[in-house]
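Each protein sequence line maps, in turn, to chains E and F.
One gets this note's numbering by counting positions in the first sequence from 1 and adding 1314 to each.
For the second sequence, counting from 1, position 86 maps to 79 in this note's numbering; every step adds exactly one.
Beta carbons are placed, not taken as given, at the ideal position from N, Cα and C, and that holds for glycine.
Quick caveat, the model's predicted, so the values are computed rather than measured.
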Amino acid sequence: MSKRAPLLERALEEARGAIGRQDDVERLRAKLGELPPAPVPSATAPTSVGPGAKLAIVTLTGALLIGAALLLMPRSSMNTPAPAHAPSRTPVSTLDARSAPAPAPMPATVPDAPSPALEAARAPAPPAKSAKRRVARAAEAIAPSHAPDPAPAELELLTRAHDAIEASPQRALSLIDDHARLYPSGSFAQEREALAIDVLRKLGRTTEARERARAFIARFPKASNVKHLARWLDAPSRSDHNEQARPLPTP
Amino acid sequence: MREVPEADAALGPSHDFEVVFRDMAPYVLRVLPRMGVRPADLDDVAQEVFLAVHKSLPSFEGRSQLRTWVYGICIRTCSNYRRRAYHKHEQITDAPVQAAAASAGPERRAQTQQALGALDRVLEALPIAQRSVFVLHEIEGLEMTEIASALECSKFTAYSRLYAARKHVERALRVLVPEGGP
């Protein structure tokens, strides 16, 4: 990973220090005033739009977006996640919420114009199915972007490796090796190395995984997963083919 | 050392709004300005965030970390805020807030203001999706997995946005702030 500009580091340090002061917090609390008891979530809360109608709307929106994506996107770009600048709360992007907040209880009648607070808190639908994920990805791909993807080919290769981990870790490792050969110091070198450690563990090649973990710590000492890796390295080593890998946190 | 909220560690399975508010409010007040909320609107937008938190807290199921969930609400609220400002044709750049600098000396305060001002101007030029990832990772200290969860995108999409944002910010800061300053 490239060394960061000192100027950026200084600006970020200042930004990190700018947490709200106690008197600002107190002023905000006073502004909120007495809050009514929060509604108790209920699975049977009545809504003005029935679940069947909601499903139909979601399905129709999804179908329209898939169509739009297929019409507008070159085939090759569908595999590369593109930076999007559209707000993440489009009806479609909410379909891919795997660990997003649970739905807020709906009022008995839905107002014509929901308040901003309601809008912000409106929760995504339940965990997505694969078709819905494709819709979300298509919507992401057609979202307009101001900045070009920094390293599309590099990212695509690593994404393919990531996607192959479960079905074929050996294939994933081969793609990771390709990435290391083509982009030894690329923008995603850190993520590649973290991925390689996980895949090696998955394949039971613990000795190699440990060597790679040590190299990772030496190369990326500030990565957020370093302490987890160090803890793993400190733990008593078990023999190769005997350690069922639990994925280590990635940076 | 970056200060991060302890919401999840401090709370049990049922979340009390007052505890969540006390734990998260300083960080909500930190993140909103970096997401483009101008000082004059900060209280209103923060209020919006916590009204949304209050409304939805009972149905928070813990599928993500609480702080991730609150940050997600912040980002969506900021998106709405920016959209509203856009429709009103408002320019939403402004002088940066001086929360951290208030207790420092005048010189330090001026440096802080200059650095934050430059950073905010640079961030203002970023698409909201890239800005969100950059701010949540570089300033709020969220891990990329959490960010992907908060923004409802894949981890690799989050990474690509982060790298695009970093590249833009580094380049633009060099232009905006001459060598030696702040």
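field: Cross-chain neighbours of E:His1476 in chain F, by beta carbon under 7 Å
entry: Phe149, listed in chain order.
task: Could you name each continuous alpha helix (DSSP H) segment of 4 residues or more that falls completely within the stretch 1494 to 1554 of chain E, going from the start of the chain to the end?
output: 1503 to 1516, 1520 to 1533, 1540 to 1548
Under 8 Å from the C-beta of E:Ser1482: neighbouring residues of chain B: The displayed structure is made up of protein chains E and F, and chain B is not among them.
- prompt: Where does F:Ala18 fall in DSSP's three states?
  reply: The answer is helix: DSSP assigns F:Ala18 an H, G or I state.
task: Tell me, please, whether the CB atom of E:Lys1285 is closer than 8 Å to any CB atom in chain F?
output: What the structure shows of chain E is the stretch from 1315 to 1565, and residue 1285 of chain E is not part of that stretch, so it cannot be assessed.
- prompt: Taking Cβ-Cβ distances shorter than 7 Å, what residues in chain E pair up with F:Ala108?
  reply: Arg1324, Ala1325, Glu1328
- prompt: Which word fits E:Ser1567, buried or exposed, when buried means at least 16 other C-beta atoms lie within 10 angstroms of its C-beta?
  reply: Nothing about residue 1567 of chain E can be reported from this structure: the residues present for chain E run from 1315 to 1565 only.
field: Separation of E:Asp1337 from F:Asp37, as counted between CA atoms
entry: 16 Å
message: Rounding to the nearest angstrom, what Cα-Cα distance links F:Pro120 and F:Ala108 in this structure?
response: 21 Å
query: Beta carbon of E:Ala1475, beta carbon of E:Leu1509: below 8 Å?
result: yes
- prompt: Per DSSP, what kind of secondary structure is E:Gly1334 in: helix, strand or coil?
  reply: coil
task: Please report how far the alpha carbon of F:Val21 lies from the alpha carbon of E:Leu1517, in whole angstroms.
output: 42 Å
- request: Could you give the DSSP three-state label for F:Val24: helix, strand or coil?
  value: helix
- request: Note down, in chain order, every chain F residue with its Cβ under 9 Å from the Cβ of E:Phe1534.
  value: Within 9 Å Cβ-Cβ: nothing; E:Phe1534 doesn't reach chain F, min ~14 Å.
query: Out of F:Glu163, F:Met17, F:Arg27, F:Tyr64, which has the shortest C-alpha to C-alpha gap to F:Glu136?
result: Ranking the options by Cα distance to F:Glu136, first place goes to F:Tyr64.
message: According to DSSP, simplified to helix, strand and coil, what is F:Arg31?
response: coil
field: Distance, F:Leu144 Cα to E:Gly1366 Cα
entry: Bear in mind that the predicted position of E:Gly1366 carries a pLDDT of just 41, short of 50, making it unreliable; the figure below should be weighed with that in mind. Their backbone Cα atoms lie some 27 Å apart in a straight line.
task: Name, please, each residue of chain F whose Cβ falls closer than 9 Å to the Cβ of E:Arg1341.
output: Asp36
message: Would F:Ser125 and F:Ile66 be called neighbours here (beta carbons separated by less than 8 Å)?
response: no
- request: Could you tell me whether the Cβ atoms of F:Leu59 and F:Ala39 are closer together than 8 Å?
  value: Going by C-beta atoms, F:Leu59 is not nearer than 8 Å to F:Ala39.
- prompt: Tell me which same chain residues have a C-beta within less than 6 Å of the C-beta of E:Leu1514, skipping the five on either side of it?
  reply: Glu1522, Ala1523
message: 8 Å is my cut-off, CB to CB: does F:Leu129 come that close to chain E?
response: no
message: Can you pull out the residues from the stretch 1498 to 1528 of chain E whose beta carbon lies closer than 8 Å to at least one beta carbon of chain F?
response: Ser1501, Phe1502, Glu1505
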